[in-house]
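Undergrad: My numbering puts the sequence shown at residues 561 to 664. Before we start, here is the structure in question, set down as structure tokens.
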Amino acid sequence: MAAFPTRLAGDVQSVLTVMPEARLAPMMPFEVEVQGETVVIPSRIYNEEPGADLEQVLGGTQQVILHCLYSRHSDGRVRQRHLELTRSSSLGTRCSSRARSGAW
């Protein structure tokens, strides 16, 4: 998944193992530079949400990655729920603050 910096590759792989297969390919990706590295963010993803039991096996950073991915979901209710979960996590709060300040 090219949506995250390579330093997070192990965490991203762990997240991908709990995500169900996508019904459709991600739509309209756009590029963003993060600390000198280009990442490709999908505008929409079409994966069903993993069960809560699968989410619980993920570590903190992995849960934030999962929520970031599902904040791009095709269903607006799914996007909203995961966006709120991302913002409520301590890591997500730090990430939001860094993004607002232009640190990324």
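Ideal placement from N, C-alpha and C gives every residue a C-beta, glycine not left out.
In whole angstroms, what is the alpha-carbon distance linking A612 and L576?
TA: Their backbone Cα atoms lie some 15 Å apart in a straight line.
Undergrad: Looking only at its own chain, which residues have a Cβ that is under 8 Å from the Cβ of T566, when we skip the five neighbours before and after it?
TA: Excluding residues within five positions, the ones whose Cβ falls inside 8 Å are E597.
Undergrad: Taking the continuous alpha helix (DSSP H) assigned at V575, which residues delimit it?
TA: Start and end: 569–578.
Undergrad: Select from A585, F590, Y606 the residue whose C-alpha is nearest the C-alpha of Y630.
TA: It is Y606 whose Cα lies nearest to the Cα of Y630.
Undergrad: Under three-state DSSP, which class holds A585?
TA: Coil, per DSSP.
Undergrad: Rounded to the nearest angstrom, what separates E593 and V600 at their Cα positions?
TA: E593 and V600: Cα-Cα distance of roughly 9 Å.
Undergrad: Check E591 in the structure and name its three-state DSSP category.
TA: Strand at E591.
Undergrad: Look at the Cβ atom of V578, then the Cβ atom of L614, and state whether they are nearer than 7 Å.
TA: In this structure, L614 lies closer than 7 Å to V578 by Cβ.
Undergrad: How is V600 classed by DSSP in three states: helix, strand or coil?
TA: Here V600 sits in strand by DSSP.
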